[in-house]
Structure formats: C-alpha cells, structure tokens
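> Just so you know, the sequences run in chain order A and B. Note that numbering that gives the first Met the number 0 numbers the first sequence so that position 153 is 152, with each residue one more than the last. Note that numbering that gives the first Met the number 0 numbers the second sequence so that position 265 is 264, with each residue one more than the last.
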Amino acid sequence: MHNASPAQDTGPMTRLRTHATLFGVGYHNLLDTYLSPSEYTGTTVRILREHNRHTRLMKGNIAMQNSLQGNLAYCNSPTEDAKDIAGGVDWTIAWRYQWSPRTNLKVLAGPMAAAHLGFVYNTRNGNNPAQARAAVDIGLSAAAICDFRLLNRTWSARYQIEVPLIGLMFSPNYTQSYYEIFSLGHYDHNVCVTNPVQAFNLNQMLSLDLPVGTHVVRVGYQCGIRQSHVNHLKTHDWTHTFLVGYVKTFQLVKPRYRTSEL
Amino acid sequence: MNKTATILRLCLMAAMTWLLAGCITEDEFDNTPSGNFEALWRTLDEHYCFFPEKAAAHQLDWNEVHERYRQKIVPTMNSEQLFEVCSHMLRELRDGHVNLTSSFNVARYWDWFENYPANFSDSLLRRYLGKDYAISAGLRYRILDDNIGYIYCGSFDHAYGSGNLNAVFTKLAMCNGLIVDIRNNEGGMLSEAQNLAGCFTNEEITGGYMAHKTGPAHDAMSKPEPLKVKPAEGMRWQRKTVVLTNRSTYSAANTFAMYMRACKNVTLMGTPTGGGGGMPFHSELPNGWSVRFSACPMFDKDMNCVEEGIEPDLRVELTEEDFRQGFDTMIEAARAYLKTGEKP
Numbered sequence: 000m001h002n003a004s005p006a007q008d009t010g011p012m013t014r015l016r017t018h019a020t021l022f023g024v025g026y027h028n029l030l031d032t033y034l035s036p037s038e039y040t041g042t043t044v045r046i047l048r049e050h051n052r053h054t055r056l057m058k059g060n061i062a063m064q065n066s067l068q069g070n071l072a073y074c075n076s077p078t079e080d081a082k083d084i085a086g087g088v089d090w091t092i093a094w095r096y097q098w099s100p101r102t103n104l105k106v107l108a109g110p111m112a113a114a115h116l117g118f119v120y121n122t123r124n125g126n127n128p129a130q131a132r133a134a135v136d137i138g139l140s141a142a143a144i145c146d147f148r149l150l151n152r153t154w155s156a157r158y159q160i161e162v163p164l165i166g167l168m169f170s171p172n173y174t175q176s177y178y179e180i181f182s183l184g185h186y187d188h189n190v191c192v193t194n195p196v197q198a199f200n201l202n203q204m205l206s207l208d209l210p211v212g213t214h215v216v217r218v219g220y221q222c223g224i225r226q227s228h229v230n231h232l233k234t235h236d237w238t239h240t241f242l243v244g245y246v247k248t249f250q251l252v253k254p255r256y257r258t259s260e261l
Numbered sequence: 000m001n002k003t004a005t006i007l008r009l010c011l012m013a014a015m016t017w018l019l020a021g022c023i024t025e026d027e028f029d030n031t032p033s034g035n036f037e038a039l040w041r042t043l044d045e046h047y048c049f050f051p052e053k054a055a056a057h058q059l060d061w062n063e064v065h066e067r068y069r070q071k072i073v074p075t076m077n078s079e080q081l082f083e084v085c086s087h088m089l090r091e092l093r094d095g096h097v098n099l100t101s102s103f104n105v106a107r108y109w110d111w112f113e114n115y116p117a118n119f120s121d122s123l124l125r126r127y128l129g130k131d132y133a134i135s136a137g138l139r140y141r142i143l144d145d146n147i148g149y150i151y152c153g154s155f156d157h158a159y160g161s162g163n164l165n166a167v168f169t170k171l172a173m174c175n176g177l178i179v180d181i182r183n184n185e186g187g188m189l190s191e192a193q194n195l196a197g198c199f200t201n202e203e204i205t206g207g208y209m210a211h212k213t214g215p216a217h218d219a220m221s222k223p224e225p226l227k228v229k230p231a232e233g234m235r236w237q238r239k240t241v242v243l244t245n246r247s248t249y250s251a252a253n254t255f256a257m258y259m260r261a262c263k264n265v266t267l268m269g270t271p272t273g274g275g276g277g278m279p280f281h282s283e284l285p286n287g288w289s290v291r292f293s294a295c296p297m298f299d300k301d302m303n304c305v306e307e308g309i310e311p312d313l314r315v316e317l318t319e320e321d322f323r324q325g326f327d328t329m330i331e332a333a334r335a336y337l338k339t340g341e342k343p
C-alpha cells in the first residue's frame, strides 16, 4: 500500500515504512597528504537510498534507519595540473528512540553503526598513486522532524546529524607503499583505532518533504565531514551536496485469509 | 530561565570550538618563490628516507642546505630562476630518484652514471644478439656459439607471465651456463625483478629488506621487513649464472642484482651498480611542480643499504681494445667464467 503522506520516521504504527531515493550534486574539498599536501576541489555526485521503519523495541518507540549512499568526485589541484578521482560507499544503520515534545515535532536519538569503503586516485603520482579508504564506526545519530501545514497540505522538515565516536580505519603508514602492504604483506599499524579527536567526522542533513499530487518529493542539503589524522597522514573530505528525490511510504498489511484458502 | 540560557550558550560555544578545532588541514605555503622553496624543502625534510645514509656518505646537513639556498630566493625571481635554485638544492641529496618536474624542465641528478664509464655498447649488444634472437616480455635472448645462454633485460617495465619465463628457460634449458645482462637497465617494477629472480632459486630466500618512514623525523623509520624471493612455479634455472652490471643498472635493476646476490650459483660481474635503493614517491608544490623523492629504503640480505650501489663479485670493465675489435669484454669474461671457472 502506498500513500503520499510526507511523514518520516513517525507514527505509532510499527508497520509503516518509508523509502527515499535521492540524487545529489555538490562541492567536494579533498585532502590526502599521502598523495599531496594540497587541497583538491571539485564536483561530487551522490546517490542516497534511505529506509526508515519502526521496530517493536521499547513499545514501538525505536525507529530504525538504514541508509546506503555512493558518491563519485572529480577534483582539481589548486593549479589544475593534477586531478583526484574519488569514490566511496557509505552504509549506516541507526536505532533511535522517538520523543514527541509537541504534536507536530518529533525528536529521535540513538546509537548508529557505519561502514565506509572508498578510494582516491591521483592522476600524477607514481608509486603512491592512490589511497584506499576503509572504516567502521559506532556513534550517535539524532534527528528532529517537524510537520507543518502550508498551502493546505502537510509538509515535513527534517534535520539529522550523525557523529561517529569510535571506530577502526585502514591507513598505510607515513611513507609505506601499497606494494609493501599488499604484495609483500608488510603490515605496520595499518588498522587504526579512531576517535573524534584524530578522526572528527560529522554528517548533517537538512531535508524538506513536499507533497506533489499523490507523491512526495524530498529536497535536501547534506554537509559531510570525514577526516582523519593517523600515522602522521592527514585526510579530509568536506562535501556540500544538494539532493532531490522521492519518498515512498508503505504500510504492511497482514492478509486476512486462512492457510486452507490458498 | 537565565541559567538555562547560559548553559545552552556555553554548550553551543563548546560545540563550535570543537567543530573549528576539529577541522583537519595541512599547513599551506603561498604560491610565491619563497613559499614554493619552503614547500619543497619541507616535503623532502619530512618524507625523504636517506638523510642518515647521505649524512654518513656525503656529510649532508639538510638544515644547512636550507640556510644556504634560502638566501638565493628573492620575491622578484621568475620561474626559471626559482627552478634553477631548487634543482641545485635537490642535487645536494645525490639521489637519482629525486626529481623536480615543471612544464619546461626536469631537475635531476645523473652523476651516478654520467661520471663513470658506460661499460656498455648498443653496437656490441647487436653483434652478440644478431638478428634472430627471441623476445619474450621484453627479454631478448639467444644461445651463444659456445652453448652459453644470454638474456638481455633492458628494463623491468614489462610484466612477466609464467608463460613468458617458461618459454625463455625452455629454450635455454640445454645451455651450459647463463648470462643475464642488466647493464643500462634503469628499473621498472619491483615485482617483476622479484619474479625474474624467482627463476634462480629452488627455495624461498631473503633477498633483502625494505622499510619506510613512520613520521616526519629523519630517523623515524620502520623495522626493515624481509623481501622474500619465492621460487618460480614453472621452469627454474639450475646451472651457473653470471649477472652483468654497470653504473646504469639502477632502481629495480639494482634490486634485482640484490636478489640475485642472495641466490646460489649466481655471480655478479661488471662494475658497481648505480644504486637507487629507495622506492620513490611523488608530491607537489603550490605552483604545481611535481617532486619525486626516495621514500622506502632497501637493504641487502646483510642489512647494507643499497642506495649507493652494489659491488659486483668480480670486477670487469669494457676495454677500448676489445671494443675496437668488436668484443664485449664483460660478456667474454662471463663466458670464460661459466665455461672454465676462470676469474677475470
């Protein structure tokens, strides 16, 4: 069953699910001192698939959000003599308790787990042409959702923030080559424990659900900060992405027939 | 209410401070002559791996180099003038793997072979190979008149498949000895040097060691880890082998010589190799110039640094007289050694 309600992550019904698919384009600022001391800037494209549903946990007040996003960026060096091509996949799952301080306002907060896999390729370097990115984190996720009436329809605005608190990430050592790691099997602190001091990461998203006919369109802005400072190597990926997509809300209906009727 | 507002304000300030302090960035230099010079000096200062070895061999003091060359930087100098000062500074490292590349020039240190006799002649090589030699993955090979196999390996830029190496050693299988000539081989892929060396050992051996920097300090170096040479899965050479080297045997070819020295039945013959025992990395300057530098040092099986080259077991040089008569002194010495054991 499908309806055009813009409500997200909300409602007491445990069988209500929303699926959102967003496409985005934006600005990417990239630093990886393993490849270059310069910041590269350019364009990023992103696709985000998000699923929200309520669980039966804590009397149905725990909402689960499962999101998967992929991005590809093409960035120039300050003098445009070299390029970085970067890509990655992020998967996040969060379980958040829901409060309703006001009838049209919902606040959600809870733990999350995230995994990131990616790469950066520099078109100019020789034995250090690329950097692999891999990380797993656990942290906190929070969101505030406000429904309001406008033009005789119900709209929904959402702000969401995710902050990893502790995790593990892959990194070569300071001038360790990938030949040493993968061809020779020489490991040297290549799996690093991360915390907000040495790997301050933050993901924020502001979105608005607009009812359009019987459909719901979502527009959003995402600010991503992914950074690390391990093994004396510094990295950052700062992104500002504008997204647009659609939201589908489903309600699972239990069939009312007997097994013998099948 | 006021108390709550104060607490909220403090929390907001703390969050903003955390956000601002949390931004991870790298110190950037201006795109000016001074900024580019400082960026170059610091890139080398923090990443170059042979400062202790260069200090021992050439009394290099990198801080003194900075002071000396910094005085030559003036704000009004043009790109060519800046490039000249920077390239002279890099020459102080005496490292063939150190380059500065601009759109108009490549700064290099080539004294490691330019200051030495070539000990190699293309004309003589053509005479020995003839016209009917075989080629497999860049390896040029044939059987010489006295049933000695000869392989000329001019670079390690080609990837060797097991089919390539099997074809070479199958053809040479009946030879009484083998010459592997890596003169004027200026390197390529380390993995291929390792693959070819694997045809000369029946058991896994430690061909040398490799390390890397673990931080910006000159002596921040990892524990050297062994470079294992695994026996090739296909054909393996079992008889005596001579590896011919000269000063233009460099980088991955230098590493191949290092591996071969660890193999049984192998003799290095010729002149010392040119070195280049550090795997190079790249970086860049604010003006877009590319800089290359040695980042991962290598050591032989006895933990001697191979950056300055490898001494052969038997020294032989190309003589003028042999050259005029169309003979390659080094190939002839190798043939004699393989046939009779006679040392040059």
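The C-beta atom is built at its ideal place from N, Cα and C for all residues, glycine as well. This structure is a prediction, so every number in the text was calculated from the model and none was measured.
#1: Buried or exposed: N2/A, going by 16 or more other Cβ atoms within 10 Å of its Cβ?
#2: Could you compute how far the alpha carbon of M0/A sits from the alpha carbon of E49/A?
#3: Between I23/B and chain A, is the shortest Cβ-Cβ distance under 8 Å, so that the two count as touching?
#4: Quick one: list the residues of chain B neighbouring E179/A, beta-carbon separation under 8 Å, in chain order.
#5: Once you ignore the five residues that flank G325/B on each side, which residues in its own chain have a CB closer than 8 Å to its CB?
#6: Quick check on E307/B: buried or exposed, where buried means 16 or more other Cβ atoms within 10 Å of its Cβ?
#7: Looking at chain A, is there any beta carbon in it that lies within less than 8 Å of the beta carbon of T42/B?
#8: Can you find a C-beta in chain B that's less than 8 Å from the C-beta of L30/A?
#9: Let me know the beta strand (DSSP E) ranges lying completely inside the segment 157-197 of chain A, each 3 residues or longer, listed in chain order.
#10: In terms of residues, what are the limits of the beta strand (DSSP E) holding G86/A?
#11: Helix or strand or just coil, what does DSSP make of V246/A?
#12: What is the rounded straight-line gap between the Cα of G148/B and the Cα of N253/B?
#13: Please tell me whether A81/A and R123/A are closer than 8 Å, where the distance is taken between their beta carbons.
#14: Identify every run of the alpha helix (DSSP H) within the segment 20-66 of chain B, keeping only runs that are complete inside it and at least 4 residues long; order them along the chain.
#15: In chain A, what lies closer than 8 Å to M278/B by C-beta?
#16: Exposed or buried, L232/A, counting other C-beta atoms within 10 Å across all chains shown (16 or more means buried)?
#17: Roughly how many angstroms lie between the CA atoms of E203/B and D44/B, to the nearest whole one?
#18: In whole angstroms, give me the CA-to-CA distance for Y24/B and P36/A.
#19: Beta carbons nearer than 9 Å to chain B: which residues of the segment 76-100 of chain A have them?
#20: Could you give the residue range of the alpha helix (DSSP H) that holds C85/B?
#21: Give the residues of chain A in contact with R107/B, contact being defined as C-beta atoms less than 7 Å apart.
#22: My understanding is that N121/A touches D89/A, with C-beta atoms under 8 Å, so please give their C-beta distance in whole angstroms.
#23: Going by C-alpha distance, which of T32/A, R52/A and L34/A is nearest A19/A?
#24: Please list, in chain order, the chain A residues whose beta carbon lies closer than 7 Å to that of G214/B.
#25: Is the beta carbon of G176/B closer than 8 Å to that of L337/B?
Walking through what the data contain:
#1: The sequence position of residue 2/A within the first sequence is 3, counting from 1. At N2/A, the pLDDT of 42 sits below 50, so the modelled position is not reliable and the matter cannot be decided from this model.
#2: Your numbering for residue 0/A matches position 1 in the first sequence. Your numbering for residue 49/A matches position 50 in the first sequence. Here M0/A scores only 38 on pLDDT, less than 50, and its place in the model is too uncertain to base an answer on.
#3: On the second sequence, residue 23/B is found 24 positions in, with the first residue counted as 1. Cβ-Cβ to chain A under 8 Å: yes for I23/B.
#4: Mapped onto the first sequence, residue 179/A falls at position 180. Neighbours of E179/A on chain B, chain order: M209, H211, E224 and C295.
#5: Your numbering for residue 325/B matches position 326 in the second sequence. Sequence-distant Cβ neighbours of G325/B in its own chain, meaning closer than 8 Å and more than five residues away, are L123 and R126.
#6: In the second sequence, the residue the question calls residue 307/B occupies position 308. E307/B is buried by the Cβ-count criterion.
#7: Position 43 of the second sequence holds residue 42/B. Taking 8 Å as the CB threshold, T42/B lines the interface with chain A.
#8: As a position in the first sequence, residue 30/A is number 31, starting the count at 1. At least one chain B Cβ lies under 8 Å of L30/A.
#9: The DSSP assignment places 190-193 as complete runs of the beta strand (DSSP E) inside the segment 157-197 of chain A, in order along the chain (cut-off: 3 residues).
#10: Along the first sequence, one-based indexing puts residue 86/A at 87. Per DSSP, G86/A belongs to the beta strand (DSSP E) from K82 to R101.
#11: Counting from one through the first sequence, the residue named residue 246/A turns up at place 247. Of the three classes helix, strand and coil, the one that applies to V246/A here is strand, per DSSP.
#12: For the purposes of this step, residue 148/B is taken as the residue at position 149 of the second sequence. For the purposes of this step, residue 253/B is taken as the residue at position 254 of the second sequence. So the alpha carbons of these two residues sit roughly 22 Å apart.
#13: Within the first sequence, the letter at position 82 stands for residue 81/A. Within the first sequence, the letter at position 124 stands for residue 123/A. R123/A sits close to A81/A, with the two beta carbons spaced by under 8 Å.
#14: Correct list: 32-46 and 50-57.
#15: Here residue 278/B is taken as the residue at index 279 of the second sequence, counted from 1. Within 8 Å Cβ-Cβ: N126, S176 and Y178.
#16: Here residue 232/A refers to the residue found at position 233 when the first sequence is read from its first residue. Note on L232/A: 16 or more other CB atoms within 10 angstroms of its CB, so buried under the neighbour-count rule.
#17: Here residue 203/B corresponds to residue number 204 of the second sequence, with the count starting at 1. Here residue 44/B corresponds to residue number 45 of the second sequence, with the count starting at 1. Rounded to whole angstroms, E203/B to D44/B spans 37 Å at the Cα level.
#18: Residue numbering aside, residue 24/B sits at position 25 when the second sequence is read from its first letter. Residue numbering aside, residue 36/A sits at position 37 when the first sequence is read from its first letter. According to the sequence provided, residue 24/B is Thr. The question's Tyr does not apply to it. Linking T24/B to P36/A through their CA atoms gives a straight-line distance of about 9 Å.
#19: Within the segment 76-100 of chain A, the residues whose Cβ lies closer than 9 Å to some Cβ of chain B are S76, P77, T78, E79, D80 and A81, listed in chain order.
#20: As a first step, residue 85/B must be located in the second sequence, where it is residue number 86. Run containing C85/B: S78 to R90, per the alpha helix (DSSP H) assignment.
#21: For the purposes of this step, residue 107/B is identified with residue 108 of the second sequence, where counting begins at 1. What R107/B touches in chain A, judged by beta-carbon distance under 7 Å, is nothing: the nearest beta carbon there is about 15 Å away.
#22: By one-based count along the first sequence, residue 121/A stands at place 122. By one-based count along the first sequence, residue 89/A stands at place 90. 22 Å between Cβ atoms; not a contact.
#23: Numbered from its first residue, the first sequence carries residue 19/A at position 20. For the set T32/A, R52/A and L34/A, the Cα lying nearest the Cα of A19/A is the one of R52/A.
#24: Counted from its first residue, the second sequence places residue 214/B at position 215. Ordered by position in chain A, the residues that pass the 7 Å Cβ test against G214/B are Y173 and H231.
#25: On the second sequence, position 338 is the one that residue 337/B refers to. On the second sequence, position 177 is the one that residue 176/B refers to. Annotated as proximal: L337/B and G176/B, with beta-carbon spacing under 8 Å.
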